[in-house]
Structure formats: C-alpha cells, structure tokens
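In the numbering used here, the protein residues as written are 11 to 153.
Heads up, the beta-carbon is just placed ideally off N, CA and C, and yes, glycines get one too.
Keep in mind the model is a prediction, meaning the values are calculated, not measured.
Comments concern the structure below.
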Ligand SMILES: [Zn+2]
C-alpha cells in the first residue's frame, strides 16, 4: 500500500514484491509500480481493520492517507509529521495551497479520539495526534 510514489518511499517495492509475491496498491493506476488503484473514499483492509483512503495531494499528486476509524489510527505518509511538520512542497507536483486543503480535509475526517499517527518521516505520534495535525495546518499557513 503506497502513500505516494516518491523514490524514498518506493525504492524497495520491487524487492518486497519479489520476496512476498504481493500486489501493490496506490492512487495512480498509471504508475508502473501500482497494480490496483485506490480512490479517495475507498475502504481498504490493513491487518484487521478497515482503513479509509483519503486523497491528499499537495506534497505529491498521488498522495494518500489511510485512516482506521475503528482502530483510531492514521497513516499520514508525507502530508503531516510530528510537532507541526508537513511535507515539502518545493518538489514536482508540490503545491502549498493544495497541501493546506489536504490537511484541512484530514482534520474534517478524523475523529476526536484518534489515538496514533504513523508518518513517513520521523517519530510516530501516540499522544494527542490531532493536536499535531492542527499544528501542521497552522504552520503550513505561516511558512
Ligand atoms: Zn514524499
């Protein structure tokens, strides 16, 4: 399950596919690595829980977050990080206004009882992750 297709996130996909004989899921079915497309609003099963896919561009066009409402868990990819960090928008397909809209979309979607956020870079957030997302929404508007 790909949050997006930047090289630092997909560099080992070929080896994973070879080792485990698995299919690859991602937002963009045109991408060479993606076997199955996931659209905004789709539900995908990871482990025991359903996860809602949220199309969240701004860092990259094909970016997804995956949110388990029942598990209280968010996989945030490179949209937001701990302590108000957020994905860079100076690469190809990056756009700050779009990123801010995506963070707002995330805030509208996740419940108040979100317990944990796992991010593409840096530490997981297992204490009040919603606060960290709100910080990111603010800091993305300032920087
Ligand atoms: Zn990235």
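When Cβ pairs closer than 8 Å are counted between the two stretches, the region 119-130 is seen to touch the region 77-88, the count reaching three or more. The set of residues whose C-beta lies within less than 7 Å of a heavy atom of ligand 1 reads, in chain order, 14, 16, 18, 19, 69, 70, 88, 97 and 130. Taking a C-beta distance under 8 Å as the contact criterion, residue 35 and residue 54 qualify as a contact pair. Looking only at 58, 73 and 132, the smallest Cα-Cα distance to residue 103 is reached by 73. Under the three-state reduction of DSSP, residue 43 is assigned to coil, being neither helix nor strand. Straight-line measurement puts the Cα of residue 43 at about 18 Å from the Cα of residue 75. Remark: C-beta atoms of residue 91 and residue 129 approach each other more closely than 8 Å.
Annotation: residue 131 is outside any beta strand (DSSP E) and is labelled neither H nor E by DSSP. Here residue 88 has 69, 97 and 130 as same chain residues with Cβ atoms under 6 Å from its own Cβ, once five neighbours each way along the sequence are excluded. In the displayed model, residue 63 falls within a strand according to three-state DSSP.
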